[in-house]
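Peer 1: Sharing a structure with you now.
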Amino acid sequence: MSTDLFKDLVSHSKEYGFIFPSSEVYDGLSGVYDYGPYGVELKNNIKTYWWRSMVQNHENIVGLDAAIMMHPKTWKASGHVDAFNDPLVDNKTSQKRYRADVLIEEGLEKIMAKAEKELEKARKRFGDEFDENKYKTENQRVADYIKQHDHLHGRFVTAMGKGDMPELKLIIEELEIADPVSGTRDWTEVRQFNLMFYTQLGNIAGEEGKLYLRPETAQGIFVNFLNVQKTTRQKLPFGIAQIGKAFRNEIIARQFIFRMREFEQMEMQYFIQPGTEMQWYNYWKETRMKWHLSLGTDPAKLRFHDHDNLAHYANAAVDVQFEFPFGFKELEGIHSRTDFDLSSHQELSGKKMQYFDPETNESYVPYVVETSIGLDRMFLAMMSNAYTEETVPDADGKDSTRIVLKFHPALAPVKCAILPLLKNNDDLTAMGRKIFDDLKFSFLCQYDEKDAIGRRYRRQDAIGTPFCVTVDHQSLEDQTVTIRERDTLKQDRIHISKIQGIVEEGISFRSLF
RNA sequence: GCGGGAGUAGCUCAGGGGUAGAGCAUUAGCUUCCCAAGCUAAGGGUCGUGGGUUCGAUUCCCAUCUCCCGCUCCA
Numbered sequence: 001m002s003t004d005l006f007k008d009l010v011s012h013s014k015e016y017g018f019i020f021p022s023s024e025v026y027d028g029l030s031g032v033y034d035y036g037p038y039g040v041e042l043k044n045n046i047k048t049y050w051w052r053s054m055v056q057n058h059e060n061i062v063g064l065d066a067a068i069m070m071h072p073k074t075w076k077a078s079g080h081v082d083a084f085n086d087p088l089v090d091n092k093t094s095q096k097r098y099r100a101d102v103l104i105e106e107g108l109e110k111i112m113a114k115a116e117k118e119l120e121k122a123r124k125r126f127g128d129e130f131d132e133n134k135y136k137t138e139n140q141r142v143a144d145y146i147k148q149h150d151h152l153h154g155r156f157v158t159a160m161g162k163g164d165m166p167e168l169k170l171i172i173e174e175l176e177i178a179d180p181v182s183g184t185r186d187w188t189e190v191r192q193f194n195l196m197f198y199t200q201l202g203n204i205a206g207e208e209g210k211l212y213l214r215p216e217t218a219q220g221i222f223v224n225f226l227n228v229q230k231t232t233r234q235k236l237p238f239g240i241a242q243i244g245k246a247f248r249n250e251i252i253a254r255q256f257i258f259r260m261r262e263f264e265q266m267e268m269q270y271f272i273q274p275g276t277e278m279q280w281y282n283y284w285k286e287t288r289m290k291w292h293l294s295l296g297t298d299p300a301k302l303r304f305h306d307h308d309n310l311a312h313y314a315n316a317a318v319d320v321q322f323e324f325p326f327g328f329k330e331l332e333g334i335h336s337r338t339d340f341d342l343s344s345h346q347e348l349s350g351k352k353m354q355y356f357d358p359e360t361n362e363s364y365v366p367y368v369v370e371t372s373i374g375l376d377r378m379f380l381a382m383m384s385n386a387y388t389e390e391t392v393p394d395a396d397g398k399d400s401t402r403i404v405l406k407f408h409p410a411l412a413p414v415k416c417a418i419l420p421l422l423k424n425n426d427d428l429t430a431m432g433r434k435i436f437d438d439l440k441f442s443f444l445c446q447y448d449e450k451d452a453i454g455r456r457y458r459r460q461d462a463i464g465t466p467f468c469v470t471v472d473h474q475s476l477e478d479q480t481v482t483i484r485e486r487d488t489l490k491q492d493r494i495h496i497s498k499i500q501g502i503v504e505e506g507i508s509f510r511s512l513f
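Position 34, counted from 1, in the first sequence is what the UniProt record's numbering calls 34; the numbers after and before it change by one each time, with no gaps.
See below:
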């Protein structure tokens, strides 16, 4: 799909009530979007599919809905407080953005490399008699390098601790760091981006009242690990699943709903015996890919991507990537998180986060394999996978184009439309109404009598409705209707009593498992 | 933050120093027994915001805001 088609997809999403820009009447809010009437249906259906495949289909996976607000120490333990405060600096010439701390660390390493080079020369020169410590203090050049390094390193650590951005800028200048791309030292001010949002608990001023909005749902699972394990009498391995909002103050939120500041995750933490992590990592990798494929998603648009740089909590990580209109991007992450989180919480809280294993007769902190999928990304993946412009014959048998969302029927927002062939015929409309009133208790239906029948079909195609039931004159005689299938345009004449069964079979989640 | 693009009707866009247009959509009606764009009528816009030039600005100038795309990170 080209960029133009991506634009069309964004327009279509708005025009047909899937996604609206947030606060549009006030010119919008960057990186925040609202889900419209069809959007919320699609989103809920994705959640249902995930929840059923995780919780309902696994005896050893249970659900949880933890609060968004958590004790501040949670984020200290998780590493987010330290890892999510990036000082950033831009080079004005190359317009590249860098992490100031990374630049400085590299700069400091270069100084030490210079000193090491001198030492290496000296070692060769003096051979066995070489006294390295003595040389470090007595050789002026080496001593200067070390002194400069230690001095700047000290200032660097202090500045990072205090969040002193101007000081970081000064250090960059003193280190004479040049942009590797442009070669210039044309730097902007160093700015800090705290990737966690925070709010105030009560009216207490100062640090104590500072409360973060969770940047991931996982920590709610970890801190409830023992509560859940005990109340559900689970034995290892077992999992805890959660769907919920998370918040990240992204530097730049872009690409529609792909990267949002407020987003929703579907996470499952699988608690396992240490040493079995690779086995379960592979199991979930495979299981999750099957989950994606069973929706009928084009296999060419899905792939694994191994992480080169592992996050601070992981010892193995793979992404499930989807080919979005703007390229292959991360849709879901599967991480082997070791015992990092539970151990951290155990340490910081002073509470045991251990599992007593009756088989081995010992207690230990479980290891964790996580599957974490972005719900909004899944939504976008389903939209872009479904969005199709195609040529179909019109009333005269000529070519005409239609835009159709080819969702898996289980995900489609509206399941069935009931369409009387003519509006100005009371018998037809009354019968349509009656069918609608009967079906509406089973699944989401729409009754529509406006405009020509062809146009109504196209309207339903545009929101991805898998079935259209049309009431015509023959219906009045023998209680049959036509049922039209969205993708093939094929119509069958069936008895009214069969509609519910056919639609239910088509939209069933059962076929996905 | 820097660079680029763009803000005119619900959507897609045209226009142009003299007071705003099209197609689709919406509403009402007509027509039509199965795959969009048949007929009639109606509603809907302080042309992103503020300032300047001008008799007059949606149009020209300046500023500003917002959105979109690219640059680090992640679900």
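Every residue, glycine too, gets a C-beta built ideally from N, C-alpha and C.
Quick one: grab the DSSP three-state call for I435.
Peer 2: helix
Peer 1: Would you mind sorting F258 into buried or exposed? The rule is 16 or more other CB atoms within 10 Å of its CB.
Peer 2: If you draw a 10 Å sphere on the C-beta of F258, you find 16 or more other C-beta atoms in it, and that means buried.
Peer 1: Can you list, in chain order, the residues of its chain with a C-beta nearer than 8 Å to that of Q321? Leave out the 5 residues immediately preceding and following it.
Peer 2: Contacts found: L302, R303, F304, H305, F328, K329, E330, L331.
Peer 1: Name the residue from F238, Q242, K110, A246 whose alpha carbon lies nearest to the alpha carbon of T276.
Peer 2: Nearest in C-alpha terms to T276, of all of F238, Q242, K110, A246, is F238.
Peer 1: Quick one: any contact between the stretch 428-440 and the stretch 400-411, if contact means 3 or more CB pairs under 8 Å?
Peer 2: no
Peer 1: Closer than 6 Å by C-beta to K73: which residues in its own chain qualify, once you throw out the five before and the five after it? Chain order, please.
Peer 2: L348
Peer 1: Quick test of your reading: M266 and I373, contact by CB under 8 Å. State the CB separation rounded to the nearest angstrom.
Peer 2: 5 Å
Peer 1: If you draw a straight line from the C-alpha of L148 to the C-alpha of K76, how long is it?
Peer 2: The displayed chain sequence assigns Gln, not Leu, to residue 148. Going from the Cα of Q148 to the Cα of K76 covers about 32 Å.
Peer 1: Out of E390, I502, D472, T482, which has the shortest C-alpha to C-alpha gap to S442?
Peer 2: Per the Cα distances, I502.
Peer 1: Near E262, what residues of its chain come up, given a Cβ to Cβ distance below 7 Å and the 5 sequence neighbours on each side ignored?
Peer 2: The residues are V32, K245, F247.
Peer 1: If we count the other Cβ atoms within 10 Å of its Cβ and call it buried at 16 or more, is D341 buried or exposed?
Peer 2: Buried, because 16 or more other Cβ atoms sit within 10 Å of the Cβ of D341.
Peer 1: DSSP state of M1, grouped into three classes?
Peer 2: Interpretation of M1 is limited by its pLDDT of 42, a score under 50 that renders its predicted location unreliable; the figure taken from the coordinates is listed afterwards. Secondary structure of M1 (DSSP, three-state): coil.
Peer 1: Thinking V368 and E390 are a contact (beta carbons under 8 Å), I'd like their distance in whole angstroms, please.
Peer 2: No, V368 and E390 are not in contact; Cβ-Cβ is about 45 Å, not under 8 Å.
Peer 1: Just to check my reading of the structure: M353 and L226 have Cβ atoms closer than 8 Å, yes? What is that Cβ distance to the nearest angstrom?
Peer 2: 7 Å
Peer 1: State the Cα-Cα distance for the pair D144 and K136, rounded to the nearest angstrom.
Peer 2: Cα atoms of D144 and K136: separation of roughly 9 Å, rounded to the nearest angstrom.
Peer 1: Among K230, S400, L512, Y387, which has the Cα closest to the Cα of N60?
Peer 2: K230
Peer 1: Name, in chain order, the residues that DSSP records as bridge partners for S336.
Peer 2: Beta-bridge pairing links S336 to A316, V369.
Peer 1: From which residue to which residue does the beta strand (DSSP E) around E216 run?
Peer 2: No beta strand (DSSP E) contains E216, which DSSP labels as neither H nor E.
Peer 1: Is E41 closer than 8 Å to L512 when the C-beta atoms are compared?
Peer 2: no
Peer 1: For residue 541, does the count of other Cβ atoms within 10 angstroms reach 16, so buried, or fall short, so exposed?
Peer 2: Given that the chain is displayed from residue 1 to residue 513, the structure contains no residue 541 and the question cannot be resolved.
Peer 1: Tell me, which residues are paired with D426 by DSSP?
Peer 2: The partner list for D426 (beta bridge, DSSP) is empty, contrary to what the question assumes.
Peer 1: Report the three-state DSSP secondary structure of F20 (helix, strand or coil).
Peer 2: Looking at F20 - three-state DSSP - the assignment turns out to be strand.
Peer 1: Mark Q56 as exposed unless 16 or more other C-beta atoms lie within 10 angstroms of its C-beta, in which case mark it buried.
Peer 2: exposed
Peer 1: Using CA atoms only, rank isn't needed, just tell me which of K415, M431, D376, D448 is closest to D34.
Peer 2: D376
Peer 1: Please classify M278: does DSSP put it in a helix, a strand, or coil?
Peer 2: helix
Peer 1: Classify S344 as buried or exposed, calling it buried when 16 or more other Cβ atoms lie within 10 Å of its own Cβ.
Peer 2: buried
Peer 1: What are the partner residues of S508, as DSSP defines its beta bridges?
Peer 2: DSSP, once it has assigned bridges, lists no residue as partnering S508.
Peer 1: Taking the alpha carbon of V223 as the reference point, which residue from D128, D82, A67, H292 has its own alpha carbon closest?
Peer 2: A67
Peer 1: What does a CB cutoff of less than 8 Å around S2 pick up in its chain, not counting 5 residues either side in sequence?
Peer 2: Model confidence at S2 stands at a pLDDT of 47, short of 50, so the residue's coordinates are unreliable; what they give is reported in the following sentence. So the qualifying residues of the chain are P325.
Peer 1: Look at the alpha carbon of I496 and the alpha carbon of Y26, and state the distance between them as a whole number of angstroms.
Peer 2: 48 Å
Peer 1: Mark L293 as exposed unless 16 or more other C-beta atoms lie within 10 angstroms of its C-beta, in which case mark it buried.
Peer 2: exposed
Peer 1: In whole angstroms, give me the CA-to-CA distance for residue 525 and R456.
Peer 2: No answer is possible for residue 525: it lies beyond the span of the chain, which begins at 1 and ends at 513.
Peer 1: Can you name, in chain order, every residue of its own chain whose Cβ lies under 8 Å from the Cβ of V190, other than the five neighbours on each side?
Peer 2: P87, L88, V89, A100, M165, P166, L168, K169, I172
Peer 1: Any idea if residue 588 is buried or exposed, counting beta-carbon neighbours within 10 angstroms, 16 or more meaning buried?
Peer 2: The structure shown does not extend to residue 588, since the chain is modelled only from 1 to 513, so the question has no answer here.
Peer 1: So, are the CB atoms of I46 and M382 less than 8 Å apart?
Peer 2: yes
Peer 1: Taking the alpha carbon of L476 as the reference point, which residue from L428, P393, H151 has its own alpha carbon closest?
Peer 2: Nearest option by C-alpha distance: L428.
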